[in-house]
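There are 2 protein chains.
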Amino acid sequence: MNELLYNITGRNLEKLMLYLEANSLFFKKNTAILSNLLDENVICLLISGKVQIIKNDFNGNQVIMEILEKNAIFGTTIFGINNSDYEIKTLEDSKIVIIDFNNIISNTANTVYTDQFLKNLLKFTAHKIKENNERIEILTCKTIRNKLLAYFKQMAKSSNSRVIYLPYSLTRLADYLAVDRSAMSRELKNLKDEGFIEIKDKKIKLKYNDY
Amino acid sequence: MNELLYNITGRNLEKLMLYLEANSLFFKKNTAILSNLLDENVICLLISGKVQIIKNDFNGNQVIMEILEKNAIFGTTIFGINNSDYEIKTLEDSKIVIIDFNNIISNTANTVYTDQFLKNLLKFTAHKIKENNERIEILTCKTIRNKLLAYFKQMAKSSNSRVIYLPYSLTRLADYLAVDRSAMSRELKNLKDEGFIEIKDKKIKLKYNDY
DNA sequence: TTCTTGTTGTTGCAATTGCAACATTTATAT
DNA sequence: ATATAAATGTTGCAATTGCAACAACAAGAA
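Chains as they are written, first to last, in this note's numbering: chain A, 4 to 214; chain B, 4 to 214.
Structure (structure tokens):
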């Protein structure tokens, strides 16, 4: 179940979709979607299938930003897909519900289900803000070492442990930190050699105190 | 009027505050606030006065992150004030309304005024996400030049013009881009010398085509 | 298995950057 | 008006980084 539809079922769900003028669309595999909506302000629920977000950087090469699975939530303006540098494409046949953000804000229904939907969405946006702020905190560090340490600090805090597990590959971590992978690899080695951390696969143990 | 209270007045406003268990607190000038709430999830409305957000960086020096005026909205977890590195302090006698985010999400009132409040807050969070995404887009550029160009591009897009006006000082711009001020100054000079831009005070004219 | 694709570690080198320091100018407060 | 604080421009230099290239390895598909 999509988190935006938490606690909304059956007849209420139907009424909600009607009220928000939600469009349920079906896209074939490898279809570009939203290309005509990039200047709108829409929220999309991926009901089934798989979708990827691609960015065309200024050199002309395409970078895969994210791959979204069932129940993912994505969108345009408010979710970072600002402009024509981006492309959204299905990787599999996909069913997507598209909702205009303005319909959410301007509806005057004030029913149990619209209320629940607003709360669900608010929870989602609040979480998104937290994620973004955490990344910004890291990205504003001036050196790769400090970026890594800031990242470790956040991970340690959220898991409440000085042993942390990388949720994805080092290659993707380098993307997340917005640094060169090989330079990050070098810096990880330095931290290891200097005794600050121990790494084994995706497990990192912090050996300093003030993390 | 605070934007979170848009379209909520009089008796409804009173009822809303009651329902959300909002606390209206008064703080003397130069008082640390929220220090006991940093692990909670609260939203604060600055009704009157002035407040600053300070970050203690790892070198021990304090950086003023933001100065907030009347009607500002700030908070803890969901608004980036994650941990003990931050301090929030009044610069003047200030009146602040504090609302627990959980009370917003979990209330079951479903009235005209709670509904309006949810929409107002949602609008605010959506805007915040957009701002954050824009900044992240800039911060992930690998060189100062590319950061500047990405920033210019966004400014040009939002003002729909290739003449843009910096909303704040170059010193603060350097902070926003998370680069050294003097290095940024050097790069601005390069862009100027190479004929890509013209700068006069806070006015920048973009002289290249694919912005 | 074999092929393909993606991840990781490593290193030399050139380019970029942060840092420190200083002079000027501009803004703000008294 | 004068003093104080903040913003800007500039530069040398050392440190950090991105980039390119390659080898080794792992994972997954055919």
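We put the beta carbon where it would ideally sit given N, CA and C, even for glycine.
All values reported here derive from a predicted model rather than from experimental measurement.
Under a CB-based cut-off of 7 Å, is residue i close to chain A?
| i | result |
| --- | --- |
| B/D204 | no |
| B/N26 | no |
| B/R126 | Here residue 126 of chain B turns out to be Lys, not Arg, going by the sequence shown. Yes, B/K126 lies at the interface with chain A (some Cβ there is under 7 Å from its Cβ). |
| B/N113 | yes |
| B/I132 | yes |
| B/T143 | yes |
| B/N15 | no |
| B/N33 | no |
| B/N135 | yes |
Report buried or exposed for residue i, applying the criterion of at least 16 other Cβ atoms within 10 angstroms of its Cβ.
| i | result |
| --- | --- |
| B/F30 | buried |
| A/D118 | buried |
| B/L16 | exposed |
| B/Y154 | buried |
| A/E197 | exposed |
| B/V45 | buried |
| A/M187 | buried |
| A/D66 | It is Val, not Asp, that sits at residue 66 of chain A in the sequence shown. Classification of A/V66: exposed, given that the 10 Å Cβ count is below 16. |
| B/L19 | buried |
| A/V166 | exposed |
| B/A177 | buried |
| A/R13 | Residue identity differs from the one stated: residue 13 of chain A is Gly in this sequence, not Arg. It is exposed - the Cβ of A/G13 has fewer than 16 other Cβ atoms within 10 Å. |
Who are residue i's beta bridge partners in DSSP?
| i | result |
| --- | --- |
| A/N26 | A/I101 |
| A/Q65 | A/N59 |
| A/G78 | A/I46 |
| A/V54 | A/L71, A/T93 |
| A/E201 | A/K208 |
| B/Y168 | B/K206 |
| B/A186 | BP columns for B/A186 are empty, so no partner. |
Would you tell me roughly how many angstroms separate the C-alpha atoms of residue i and residue j, rounded to the nearest one?
| i | j | result |
| --- | --- | --- |
| A/I70 | A/V54 | 6 Å |
| B/K98 | B/A75 | 11 Å |
| B/A159 | B/I57 | 31 Å |
| A/T93 | A/S27 | 15 Å |
| A/S51 | A/E72 | 8 Å |
| A/A3 | A/E43 | Only positions 4 to 214 of chain A appear in this structure, which leaves residue 3 of chain A out of reach. |
| A/I132 | B/K131 | 7 Å |
| A/R138 | B/I102 | 25 Å |
Say whether chain B places a C-beta atom closer than 7 Å to the C-beta of residue i.
| i | result |
| --- | --- |
| A/T12 | no |
| A/A181 | yes |
Just to make sure I have the definition right: I need the residues of chain A whose C-beta is within less than 8 Å of the C-beta of residue i. Which are they?
| i | result |
| --- | --- |
| B/L121 | D118, L121, K122, L125 |
| B/F216 | Here chain B has residues from 4 to 214 only, and residue 216 of chain B is not among them. |
Show which residues of chain A have a CB atom less than 7 Å away from the CB atom of residue i.
| i | result |
| --- | --- |
| B/I108 | K122, L125, K126 |
Taking residue i as the query, report the chain B residues whose CB atoms sit under 9 Å from its CB, ordered along the chain.
| i | result |
| --- | --- |
| A/F77 | Result: empty, since nearest Cβ-Cβ is about 12 Å, beyond 9 Å. |
| A/R165 | Per Cβ cutoff of 9 Å: no residues; A/R165 is ~16 Å from chain B at best. |
Output, in chain order, the set of chain B residues within a Cβ distance shorter than 8 Å of residue i.
| i | result |
| --- | --- |
| A/I139 | G83, N135, R138, I139, L142 |
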